[in-house]
Amino acid sequence: MIRCFLAIALPERIKEILAGLQKELKTIGANVRWVRPDGFHLTLKFFGNIPEEKLPALVRATEKAKDDFNPFELSLSGLGFFPEKGPPRVIWVGLSGELEPLLALQRRLEKAFKKVGFPPEKRPFHPHLTLGRVKESRGTGKLKELAGKLKIPAESFRVERLTFYRSVLHPEGAVYSVLEEVEL
2 MIRCFLAIAL
12 PERIKEILAG
22 LQKELKTIGA
32 NVRWVRPDGF
42 HLTLKFFGNI
52 PEEKLPALVR
62 ATEKAKDDFN
72 PFELSLSGLG
82 FFPEKGPPRV
92 IWVGLSGELE
102 PLLALQRRLE
112 KAFKKVGFPP
122 EKRPFHPHLT
132 LGRVKESRGT
142 GKLKELAGKL
152 KIPAESFRVE
162 RLTFYRSVLH
172 PEGAVYSVLE
182 EVEL
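This is the structure in structure tokens:
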């Protein structure tokens, strides 16, 4: 069994910007498990634990689903929290730019994965880059206040491939390694 997901990998310069935002947010001292900079990505589909022999079928489904999609541009855009109401559990950076191809691709992937035995997500897809997960709500008011003041550089990046990652859980957080890549 392997724990895996499909995502868009981020260029180093985007990871550096996200790490800089984390550094500023960490000054609040809120109890947050921060994503390690080498772990930043845009998740398209989390599969969980699957038999390793299922991976080739997922790769084939991805290659078929992405057939008429071309590379596209996304940009960093604002800080937010999930859920929107109540105590935050996830701190994230939003995305703007060519969202329509991203959303269409994600919908197409969900349909393709359903055909090979992976049901669609119940929650709607909200493209975001997770910075951290809140462990307890103490200090989150200050965190939200600072997040509202931070300037997010409108840095853009080109999406040219989709990446299957293995996720291995450790006490200090998940460690990701590339399993397969599919070019757009």
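If you're matching positions, the sequence shown starts at 2 in this note's numbering and goes up one per residue.
All C-beta atoms, glycine included, are put in the ideal place defined by N, C-alpha and C.
Predicted model only: the values in this text are computed from it and were never measured.
Worksheet item: Which residue comes first and which comes last in the beta strand (DSSP E) that contains G142?
Response: Going by DSSP, G142 is part of no beta strand (DSSP E) but of the alpha helix (DSSP H) stretching over 141 to 150.
Worksheet item: For the segment 153 to 164 against the segment 3 to 17, are there 3 or more C-beta pairs whose distance is under 8 Å?
Response: Between the segment 153 to 164 and the segment 3 to 17, the count of C-beta pairs closer than 8 Å reaches three or more; the two stretches touch.
Fill in: Test item: CB-CB of L96 and L80 under 8 Å
Contact flag unset, no.
Practice prompt. Could you give the DSSP three-state label for T63: helix, strand or coil?
Written response: helix
Worksheet item: Is it right to say A148 is buried, meaning 16 or more other beta carbons lie within 10 angstroms of its own, or is it exposed?
Response: buried
Discussion item. Pairs of beta-carbons, one from the segment 25 to 43 and one from the segment 134 to 145, closer than 8 Å: are there three or more?
Written reply: yes
Item to complete: Please determine if the segment 57 to 68 and the segment 87 to 94 are in contact, where contact requires at least 3 C-beta pairs separated by less than 8 Å.
Response: no
Practice prompt. Taking I18 as the reference, give the member of V183, G87, K152 with the closest Cα.
Written response: K152
Worksheet item: Does the segment 171 to 184 come close enough to the segment 101 to 108 to have 3 or more Cβ pairs within less than 8 Å?
Response: no
Item to complete: For F70, write down the residues that DSSP places opposite it in a beta bridge.
Response: Beta bridge pairing from DSSP links F70 with no other residue.
Worksheet item: Is I15 helix, strand or coil when you go by DSSP?
Response: helix
Discussion item. Does K16 pass the burial test, meaning 16 or more other C-beta atoms within 10 Å, or should it be called exposed?
Written reply: buried
Practice prompt. Report the option in R34, E13, C5 whose CA atom is closest to the CA atom of L132.
Written response: R34 is the residue among R34, E13, C5 whose C-alpha sits nearest the C-alpha of L132.
Worksheet item: G118 by DSSP, collapsed to three states: which one?
Response: coil
Practice prompt. If I'm right that L43 touches P128 with Cβ under 8 Å, what's the distance once you round it to whole angstroms?
Written response: 6 Å
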